[in-house]
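For the sequence shown, the numbering used here gives the first residue as 214, with consecutive numbering after it. Below is one structure, written out as structure tokens; comments come after it.
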Amino acid sequence: MYPEHTPHVPAQRAVEVHQPTPYPPAVAAPVVPVQPGAVPAVASIVLPDGRVVTGYAIDHPQPAPVAVKPAVSRTAVNVALGGVGFLAVCGGLLLLTSFIAALTAFIGQLIILAAVIFGGWIAVQVLSTGGHKGGTTVNIRRAVFKRNHFHG
């Protein structure tokens, strides 16, 4: 017979039993000498079932005092002050813009007024019909031109 056709028989295993291993006895830690002023106080506490627990009182480290934070953060105050300053600048720029526009209009009106006054003065000078105020009057009635020469 071939091994493929042999019936399968489970192999029997030996049962292993594990026994707990006892821990070796604890060795006491060596005592470190302590300065007499640094020994903490011993406290005893009686539990409700009557047992007494004795030990050293441990002072828990106190956290550093936290600075009292203001109700409003500094960032919020800075943003608010920046907004107020921005509004003040915008108002000032608006007033400055209005002032520049008014000054430009005023200068334009002064220029127009000067042109009207000066133009009027010139018109009065040219169109005045008053007598002659001096100078030479030449009346040319008949002139003869001969060989490109004027004979008056």
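Each residue gets a CB set at the ideal place from its N, CA and C atoms; glycine is no exception.
By the three-class DSSP mapping on this structure, what secondary structure does T267 have?
Strand at T267.
Can you give me the C-alpha to C-alpha distance between S341 and W334, rounded to a whole angstrom?
Between S341 and W334, the C-alpha separation is close to 10 Å.
When you compare each of D262, A239, G268 to V255 by their alpha carbons, which one comes out closest?
G268
Determine which residues share a DSSP beta bridge with A409 and list them.
In the structure as shown, the chain begins at 214 and stops at 365. Residue 409 is therefore absent and cannot be evaluated.
Where V240 falls: helix, strand or coil (DSSP)
coil
Return the first residue and the last residue of the alpha helix (DSSP H) that Q322 is part of.
287 to 340
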